[in-house]
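In this note's numbering, the protein residues as written are 32 to 188.
Taking it in order: structure first as structure tokens, then the write-up.
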């Protein structure tokens, strides 16, 4: 549950269980804060996706989202709908001096975040799940391992 290098850079990885406080804040795991301090700063862009929240350091948001997602055609209905959904919830957030991140009510509602949350390092960004939803996601992944294993084997992995 630490940082590791991929493509020459330090990335987020691991799973951490935390609790939302009464004001809707979560403590960012110290390993994630170390990465933010070494490679980025205390600013994140948070948005909703697939019934969880995604938190991107500004630099990664610009590389992954603005350059790639931003190149999608707005003339295609499904693309336009996705972009509207994705960008409309994107909010600039700052980690406070105590290492906490305030999750706005609209994003807490979307992710169904009540108290127990799971933070997952996904390489260049962080996912934030309601604990119950995380358990469902893990179960679905485990049920699909045989198919994934075959696909990876076909790719030479």
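Idealized CB from N, CA, C, for every residue including glycine.
Just so you know, these numbers come straight off a predicted model, no measurement behind them.
Buried versus exposed, by CB contacts within 10 Å (16 or more), residue i
i, result
"residue 49", "buried"
"residue 155", "buried"
"residue 106", "exposed"
DSSP beta-bridge partners of residue i
i, result
"residue 137", "According to DSSP, which records beta bridges pairwise, residue 137 is partnered with nothing at all."
"residue 72", "According to DSSP, which records beta bridges pairwise, residue 72 is partnered with nothing at all."
"residue 86", "77, 157"
"residue 43", "154"
"residue 58", "131"
"residue 50", "147"
"residue 181", "DSSP, once it has assigned bridges, lists no residue as partnering residue 181."
"residue 125", "74"
Nearest neighbour of residue i, chosen from the options [CA to CA]
i, options, result
"residue 131", "63, 151, 41, 182", "63"
"residue 128", "55, 59, 135", "59"
"residue 146", "46, 45, 56", "56"
"residue 119", "153, 97, 78, 92", "78"
"residue 66", "183, 184, 90", "90"
"residue 159", "150, 180, 165", "150"
"residue 83", "138, 94, 99", "138"
Neighbour flag for residue i against chain D, beta carbons, 9 Å
i, result
"residue 184", "The chain labelled as chain D is not found in the depicted structure, where only one protein chain is given."
Whole-angstrom distance between residue j and residue i, CA atom to CA atom
i, j, result
"residue 186", "residue 101", "29 Å"
"residue 115", "residue 104", "12 Å"
"residue 32", "residue 45", "A caution first: residue 32 carries a pLDDT of 43, below 50, which makes its placement in the model too unreliable to give a value."
"residue 88", "residue 47", "18 Å"
"residue 182", "residue 176", "10 Å"
The ligand HEM heavy atom lying under 8 Å from the CB of residue i
i, result
"residue 168", "In the structure on display, the ligand HEM does not appear, and there are no ligands present to speak of."
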